[in-house]
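Student: Sequential numbering of the sequence shown, starting at 0, is according to our numbering. Where a beta carbon is used, it is the ideal one built from N, C-alpha and C, also for glycine. The structure under discussion is supplied below as structure tokens; questions concerning it will follow.
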Amino acid sequence: MDVVLGTVSSRFSDPARSSLQRVMLPQSHIAYTLAAYQWARDRWPGVPDLDLRWLALAAMGPDLIDKPLAALYFYRRFKSAVLFAHTLLFQIGLLFWARERKRLLPYALAFVGHILLDRMWFFPETFYWPFKGWRFTVWRKRGSEQKDIGKAYWYAFTRRRELWGWELGGALAALWLIIRLRLYRPERLLRLLRTGRSGPAYPGQ
0 MDVVLGTVSS RFSDPARSSL QRVMLPQSHI AYTLAAYQWA RDRWPGVPDL
50 DLRWLALAAM GPDLIDKPLA ALYFYRRFKS AVLFAHTLLF QIGLLFWARE
100 RKRLLPYALA FVGHILLDRM WFFPETFYWP FKGWRFTVWR KRGSEQKDIG
150 KAYWYAFTRR RELWGWELGG ALAALWLIIR LRLYRPERLL RLLRTGRSGP
200 AYPGQ
């Protein structure tokens with residue numbers, strides 16, 4: 000019995016085995032980040048007026064850096080998809096760099112928010128790199144049998160229902176933001192795409 004319980008426990012506690020359970024798709028990163036920003040603006044007048052286009056890019060920042068590297072080399076060679084830009088060291092360095100650049104600091108915080116949404120502390124080999132060694136977290140869940148990283152993610156997110164909850168939450172956050180900023184109106188959506196700002200959130204503002 001102890002052997003059986005130990006085996007079950009190891010399957011749920013091994014970060015490498017459960018790693019992709021905590022990865023999120025880009026659109027959900029954007030939705031959660033923009034919704035959180037708008038929620039903060041609604042409550043604290045001192046929150047700066049940001050370009051939502053750049054905020055969206057910052058929310059995807061770690062993936063925009065790491066996924067091309069994974070596709071070109073690291074995934075095929077080591078089955079690793081979360082790399083340098085997902086490390087704690089990278090986040091600390093980014094915040095240190097942005098601390099004197101007040102206009103860029105909110106975007107740096109959105110970049111770091113990506114790491115929080117991915118729950119990177121469950122990827123210790125990557126999150127604490129290089130302090131736990133020079134290798135990144137290895138993907139061993141469903142999808143990793145695919146040689147192409149795009150197919151690997153497709154297989155993972157279409158066959159593993161435990162990933163769908165976070166994506167549903169992202170869809171709800173996006174819906175709230177669309178209603179909150181009235182982005183269902185074409186002129187407001189176009190303004191957002193052109194300027195990064197949607198205009199006043201409420202009629203008459």
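Need the endpoints of the alpha helix (DSSP H) that LEU88 sits in, please.
Tutor: From DSSP, the alpha helix (DSSP H) with LEU88 extends over 87 to 97.
Student: Taking C-alpha atoms, which residue in TRP165, ARG196, LEU192 lies nearest to ALA30?
Tutor: Answer by Cα proximity: TRP165.
Student: Taking the C-alpha atoms as reference points, what is the distance between ARG187 and HIS28?
Tutor: Each residue's Cα considered, the two are about 22 Å apart.
Student: Roughly how many angstroms separate the alpha carbons of TRP53 and ALA70, rounded to a whole number?
Tutor: Spanning the two alpha carbons is a distance of roughly 24 Å.
Student: Please report how far the alpha carbon of SER143 lies from the alpha carbon of ARG76, in whole angstroms.
Tutor: With a pLDDT of 46 at SER143, under the threshold of 50, the predicted position of this residue should be treated as unreliable, and no value is reported.
Student: In whole angstroms, give me the CA-to-CA distance for ARG193 and ARG40.
Tutor: Rounded to whole angstroms, ARG193 to ARG40 spans 21 Å at the Cα level.
Student: Mapping DSSP to helix, strand and coil, what is MET59?
Tutor: If DSSP states are grouped into helix, strand and coil, MET59 belongs with coil.
Student: Rounded to whole angstroms, what is the Cα-Cα separation between ALA34 and LEU63?
Tutor: So the two alpha carbons sit approximately 21 Å from each other.
Student: With respect to the alpha helix (DSSP H) encompassing VAL111, which residues constitute its N-terminal and C-terminal limits?
Tutor: 104 to 116 is the extent of the alpha helix (DSSP H) around VAL111.
Student: Please classify PRO136: does DSSP put it in a helix, a strand, or coil?
Tutor: Reading the sequence as shown, one finds Thr at residue 136 and not Pro. THR136 falls in the coil class under three-state DSSP.
Student: Assign LEU189 to buried or exposed, taking buried as 16 or more other Cβ atoms, counted over all protein chains shown, within 10 Å of its Cβ.
Tutor: Exposed, by the Cβ-count rule.
Student: Considering TRP163, what are the terminal residues of the alpha helix (DSSP H) in which it resides?
Tutor: TRP163 -> alpha helix (DSSP H) spans 163 to 179.
Student: My understanding is that LEU104 touches ALA97, with C-beta atoms under 8 Å, so please give their C-beta distance in whole angstroms.
Tutor: Right, the Cβ-Cβ distance comes to about 5 Å (below 8 Å), so this counts as a contact.
Student: State the start and end residues of the unbroken alpha helix (DSSP H) segment that holds ARG187.
Tutor: ARG187 -> alpha helix (DSSP H) spans 185 to 194.
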